[in-house]
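Numbering follows my numbering, with no gaps: position 119 of the sequence shown is 124.
Where a beta carbon is used, it is the ideal one built from N, C-alpha and C, also for glycine.
This one's a predicted model, so the numbers in the text were calculated from it and none came from an experiment.
One structure is given here, and the rest of the page talks about it.
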Amino acid sequence: MIKSTLWFLYDIFFSAMICNAIGFIALEHFTNFQWYWVAILSVSFLICGYYIVVFSKNKNRLYRSLVADLISADSRIDFNLTYFPLFGFVVTFALINQQLFMSSEDLYTITDIYNWPFDTNIDMLFYAYDNFFRAVCLDLFETYNLHISRIGSNNLGILTLNFSYKIFLSIFFIKSLFEIFKTLKKYKATCKNL
């Protein structure tokens, strides 16, 4: 049980690092606002959200996806595509917000809680993870007024986007992780019986 949990966390960690690396590369290259990028990123965001829902609800599809990932793995350091939607959802949220920020800086407010210069790329990823932790950590960040981002907003559209993002994560993210973990245990038990 402990070994399975550690491998699960190991795979999650490397998948998160790879998704974030892709996010940093994209943030560096999307230097101008383009509506077509917002449209493409919104579709990617919805696809990632769809797979999070599918993996939390459809155990057979999740099982098939994990088995395909595990069979094709060459080493322990591999990119598990089953985990991609979990972190792709967060990264595409950051990319969408970066594009919206570049369209109009008036949509967001910047507080000066840190002493380093404002960098849209890094700060937008922090903004996405700040909202992620607020949703997934069961209001721990809200209760203790913790922030990892200095970006906020008073715009109704941006607040609605954040609310939707947080509600979706609150409902489906943790459930998806538990379903993935249970499915991995089922797969390993099946392999032992063979």
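*If we ignore side chains and look at the alpha-carbon of each, how far apart do Leu86 and Ile118 end up?*
36 Å
*Would you check if the distance between the CB atom of Phe94 and the CB atom of Cys24 is smaller than 7 Å?*
For Phe94 and Cys24, no; Cβs fall outside 7 Å.
*Residue of Glu110, Leu143, Glu147 and Phe29 minimising C-alpha distance to Phe98*: Phe29
*Along the chain, which unbroken stretches of the beta strand (DSSP E) at least 3 residues long are found entirely within the region 26-89?*
none
*Compare the Cα-Cα distances from Pro90 to each of Phe13, Ala31, Ser61 and Glu147 and report the closest residue.*
Ser61
*Do you know whose CA, among Gly54, Leu71 and Tyr88, lies nearest Phe177's CA?*
Gly54
_Using only CA atoms, which one of Met22, Gly162 and Phe137 lies nearest to Tyr170?_
Phe137
*Around the C-beta of Asn120, are 16 or more other C-beta atoms found within 10 angstroms, so that it is buried, or is it exposed?*
exposed
*asked:* Which residues does DSSP list as the beta-bridge partners of Thr114?
replied: Gly157
_For Leu143 and Gly162, what's the separation of their Cα atoms in angstroms?_
24 Å
*Going by CA-CA distance only, name the one from Phe13, Ser108, Leu100 and Phe19 that's closest to Leu130.*
If we check each option's Cα against that of Leu130, Leu100 comes out closest.
*Could you give the C-beta distance for Ile185 and Leu71, rounded to a whole number, given that I count them as a contact under 8 Å?*
7 Å
*Exposed or buried, Asp16, counting other C-beta atoms within 10 Å across all chains shown (16 or more means buried)?*
buried
*What first and last residue would you give for the alpha helix (DSSP H) that runs through Ile176?*
Taken as a continuous stretch (DSSP letters only), Ile176 belongs to no alpha helix (DSSP H), as it is neither H nor E.
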